[in-house]
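Undergrad:
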Amino acid sequence: MPTSTPAASSNTGDNSNNGISIRSALVALAFAFLLMAFTMPSFIQRLFRPMSTAMGVSGSGGGSPRAAVPEGAEKATLGAGCFWGVEHLYRKHFGGDKGIYDTRVGYTGGDNTNPSYKQVCSGKTGHNEALLIYYDPAKVTYRQLLEFFYRMHDPTTANRQGPDMGTNYRSGIYFHNEEQEKIAKEVTKQANDQWYKGRIVTEIVPAGPWWDAEDYHQLYLNKNPWGYECPSHFLRPFEPLEQK
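With our numbering applied, the sequence shown closes on residue 251, and no number is skipped along the way.
#1: Buried or exposed for Gly179, going by 16 or more other Cβ atoms inside 10 Å?
#2: What separation, rounded to the nearest whole angstrom, lies between the Cα atoms of His100 and Asn121?
#3: Under 6 Å from any heavy atom of the ligand SAH, does the C-beta of Gly79 make it?
#4: Leaving out five residues on either side along the sequence, give the residues of the same chain with a beta carbon under 7 Å from the beta carbon of Lys192.
#5: Which residues in the same chain as Asn166 place their Cβ atom closer than 8 Å to its Cβ, once the five residues preceding and following it in sequence are excluded?
#6: Quick one: what's Gln168 bridged to in DSSP?
#7: Could you check the C-alpha separation between Ser239 and Leu138 for me, to the nearest Å?
#8: In whole angstroms, what separates the C-alpha of Leu152 from that of Arg30?
#9: What ranges does the beta strand (DSSP E) occupy inside the stretch 122 to 199, keeping only unbroken runs of at least 3 residues that lie completely in it?
#10: Here's a check: name, in chain order, each residue in its chain whose Cβ is nearer than 6 Å to the Cβ of His224, leaving out the five neighbours to either side.
#11: Do Ser109 and Ala74 have their C-beta atoms within less than 7 Å of each other?
#12: My output table needs one value for Asp219: the three-state DSSP class, helix, strand or coil.
#13: Looking at Met159: is its Cβ nearer than 7 Å to the Cβ of Leu96?
#14: On the DSSP letters alone, give me the boundaries of the beta strand (DSSP E) that Val212 sits inside.
#15: Between Ser123 and Lys146, what straight-line distance do the alpha-carbon atoms span, to the nearest angstrom?
#16: Assuming Tyr149 contacts Asn135 under a Cβ cut-off of 8 Å, what Cβ separation, rounded to an integer in Å, is found between them?
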C-alpha cells in the first residue's frame, strides 16, 4: 500500500531549499542596506545640489563682494574636485592673517564663454571647477600652496575626485607666469616621487580665461555647514617634501 513518506520527504526538501533561498535573500538585502548606509548620504547630497538655480544664471556675474585685495597680491588657480570643499580647506588653513586675502570659486580650462554650473557639470564645455586664490607672498608662498594642494586631495584619479566623476573634477594647476610653472613642476615631481609613487595625473597648464561661479557657490560651506564635501578632501599625514 502506498504511503505518504516520500511526499513528506519531498516537502521537507522543498522547505529546506526555500529556507536557504530566504536566508540568502535576507543576507543580500542586509548587505545592500549596509552599502547604502555608506554611500547614500554623499549621493543624496550631490543629487540635491542646487543645480536648478544655475539655469539661466551668468557664470561671470559680480558674485559676492570681494574682500580688499591690495596691490602686490599674487594669484594661484587650482582644480582639485568639487570647489566647495577646496575653497573651504584653503580658507580654513590660510585665511585670516595666514596669507590668503580672498578666494573665488569658478570655471577655467574650457571652450565656452561665460558657462553656467549646469553646462560645466554636463562635461561638454571642457571647464574645470577651480579655486582662484589671492594671496600675500610675504606670508605664504606659492610652493606652500601647492604642497597643501597635494595633501588635501587625491591627484591620482583622472577626471574624478572621490565619488564625483567627470572632467570638471580633474586635478589641475593653472600657472600665471613662468616662475609658477617652474615651481609647479618641481613640487609635482617631488610629490610624485615621495608621496604618490609615480601615480599623479594632475595637469599643469597656463591659466586661461576665468569665469566666477554663480553667487550661491561662493563660500558655500560657510553658508551651508552641513552641505556636501567630497570625502577625499582631507589632509594626508605625509612627511615634508625633501627639496633636492
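In this text, a Cβ means the ideal position worked out from N, Cα and C, and glycines have one as well.
TA: So, from the listed chains and residues:
#1: buried
#2: His100 and Asn121: Cα-Cα distance of roughly 30 Å.
#3: The ligand content of the structure shown is nil, which means the ligand SAH is not present either.
#4: Ile211
#5: Taken in chain order, the residues that qualify are Met172, Gly173, Thr174, Tyr176 and Arg177.
#6: The partner list for Gln168 (beta bridge, DSSP) reads Asp171.
#7: If you take the alpha carbons of Ser239 and Leu138, they lie about 17 Å apart.
#8: 54 Å
#9: 135 to 142 and 178 to 182
#10: Val112
#11: Contrary to the premise, residue 109 reads as Asp rather than Ser in this sequence. Going by C-beta atoms, Asp109 is nearer than 7 Å to Ala74.
#12: strand
#13: yes
#14: Element bounds for Val212: Glu210 to Pro213.
#15: 34 Å
#16: That belief does not hold up - the Cβ atoms of Tyr149 and Asn135 are roughly 19 Å apart, past 8 Å.
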